[in-house]
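Student: Here's a structure for you.
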């Protein structure tokens with residue numbers, strides 16, 4: 001967005017967060033005015049797991065004629081998303097996070113109401129309405145989102161992502177969401193048992209399956225994450241000085257228990 005702003009003489013406005021990496025939604029909405037062209041945010045914040053109400057931001061953006069562009073990399077595959085009812089104009093997501101695909105494939109939703117009016121930033125032979133019409137003088141773009149597929153496809157990554165999506169659909173995204181939240185509850189219970197501070201929002205409206213924990217004073221979250229992986233084969237991540245735990249459908253209640261048994265030993 002900084003590159004786009006620099007190229008077009010636009011201003012980028014950023015909302016602040018507090019020490020727990022929480023951003024008040026009102027602080028974002030307060031930045032929206034008649035000069036706003038695009039409102040963009042992560043559906044779920046990668047460091048804290050805070051989840052935003054997309055409809056609220058869509059309404060705020062549309063009230064001044066702006067678009068809402070959502071990065072759903074940390075929610076798609078975990079949180080049920082109804083693209084149409086969310087009001088978002090664009091939703092994009094990598095394929096390798098909660099969708100459980102591989103590198104090289106991603107997902108994009110572009111609302112029909114804005115698609116035909118958006119000109120692709122990159123063009124290639126696949127951008128054309130008829131990709132086999134190889135005349136150099138023509139430039140006819142499809143009216144749907146395929147106008148943004150400008151180059152060849154990484155077929156292996158696309159097939160892998162499709163299979164991963166099929167698996168989530170077979171389980172049911174609502175069932176995935178409930179499973180992940182149940183495991184997040186177990187993470188919260190384990191953190192409380194060890195007296196660890198929970199940074200992530202735990203309200204029904206803003207929570208996700210990402211639970212970030214603040215380590216005791218003087219203890220490095222990066223060092224703890226490394227030892228958990230090296231000594232216990234438990235993979236969590238260190239983000240912004242916090243220990244981020246992100247249970248998903250491959251995990252179980254027993255595995256969450258193993259995590260906190262290991263943490264208890266490492267912190268004793």
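Residue numbers (my numbering): 1 to 268.
Beta carbons: idealized from backbone N, C-alpha and C, even for Gly.
This one's a predicted model, so the numbers in the text were calculated from it and none came from an experiment.
DSSP puts residue 40 in a beta bridge; with which residues?
Tutor: DSSP output for residue 40 lists 69 as bridge partner(s).
Student: Between residue 53 and residue 230, what straight-line distance do the alpha-carbon atoms span, to the nearest angstrom?
Tutor: So the two alpha carbons sit approximately 38 Å from each other.
Student: Excluding the 5 residues flanking residue 146 on each side, which residues of the same chain have their C-beta closer than 6 Å to its C-beta?
Tutor: Counting only Cβ-Cβ distances below 6 Å, and skipping sequence neighbours, we find nothing.
Student: Grouping DSSP H, G and I as helix and E and B as strand, with all else coil, what is residue 146?
Tutor: Three-state DSSP puts residue 146 in a helix.
Student: Taking only runs of the beta strand (DSSP E) that begin and end inside the stretch 229-260, which ones reach a length of at least 3 residues, in chain order?
Tutor: The qualifying runs are 237-239, 242-245.
Student: Count the other CB atoms, across all protein chains shown, that sit within 10 Å of the CB of residue 108; report buried if there are 16 or more and exposed otherwise.
Tutor: Exposed, because fewer than 16 other Cβ atoms sit within 10 Å of the Cβ of residue 108.
Student: By a C-beta neighbour count over all protein chains shown, 10 Å radius and 16 as the cutoff for buried, is residue 172 buried or exposed?
Tutor: Exposed.
Student: Compute the beta-carbon to beta-carbon distance between residue 92 and residue 72, rounded to the nearest angstrom, for a pair I have assumed lies under 8 Å.
Tutor: Going by Cβ atoms, the distance from residue 92 to residue 72 rounds to 7 Å, so yes, they are a contact pair.
Student: Taking the alpha-carbon positions, what's the residue 259 to residue 138 distance?
Tutor: Each residue's alpha carbon lies about 59 Å from the other.
Student: Taking the Cβ atom as the reference point for each residue, do residue 244 and residue 236 lie within a distance shorter than 8 Å?
Tutor: For residue 244 and residue 236, yes; Cβs fall inside 8 Å.
Student: Quick test of your reading: residue 241 and residue 221, contact by CB under 8 Å. State the CB separation rounded to the nearest angstrom.
Tutor: Their Cβ separation, rounded to whole angstroms, is 6 Å, which keeps residue 241 and residue 221 in contact under 8 Å.
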